[in-house]
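Residues 16 to 129, numbered by my numbering, are exactly what the sequence shown covers, in order. Yeah, the Cβ is synthetic: ideal placement off N, Cα and C, and Gly gets one too.
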Amino acid sequence: MSESIKSNSDFRNVYNNGRSYANKYLVMYVQKNGLDRNRLGVSVSKKVGNSVVRHRITRLVRESYRLNENMFNSGLDIVVVARSGAKGRSYNEISNALIHLGKIHKILKEMMMS
């Protein structure tokens, strides 16, 4: 089970010290956290849409991560930033984008990489 990244300092730490890769819908920052579990933070800018749209994207990202959490290596802080292209996308599109970024970061477990 993962935790959430909530504090501004934790977000800034991952932004400043983590690696980042992007695709059409999401940007993912990853940094080791020294714990035995992952922590997930989701950020959706006001540029993406109103609060209803932003919250929907946040829920889609969190649910996508929750259902695929067993694919990710442990001990990571992961911050996912939604891009404006994520607006109006389906769960499957967001989920595929999240897994795609996990592959690029090479943070998916080996058995899942094939």
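- Excluding sequence positions up to five before and after Gly-90, its CB lies within less than 8 Å of the CB of Lys-47, Asn-48, Gly-49, Leu-50, Asp-51, Arg-52, Asn-53, all in the same chain and listed in chain order.
- Ranked by how close their Cα comes to the Cα of Leu-123, the residues Asn-88, Ser-17, Leu-55, Ser-35 have Asn-88 in first place.
- In this structure, Ala-112 lies near Tyr-40, with their beta-carbon atoms less than 7 Å apart.
- Take the alpha-carbon of Val-76 and the one of Gly-103: they are about 13 Å apart.
- In the same chain as Val-95, and ignoring 5 residues on each side of it, the C-beta atoms closer than 6 Å to its own belong to Leu-41, Met-43, Val-57, Val-76, in chain order.
- Cβ contact annotation for Ile-119 (same chain, cutoff 7 Å, sequence separation greater than five): Tyr-36, in chain order.
- Between the alpha carbons of Met-86 and Ala-101 lies a distance of about 22 Å.
- Bridge partners of Ser-89 according to DSSP: none are assigned.
- Here Val-67 is exposed: its Cβ has fewer than 16 other Cβ atoms, across all protein chains shown, within 10 Å.
- Only exposed fits Arg-27, as fewer than 16 other CB atoms lie within 10 angstroms of its CB.
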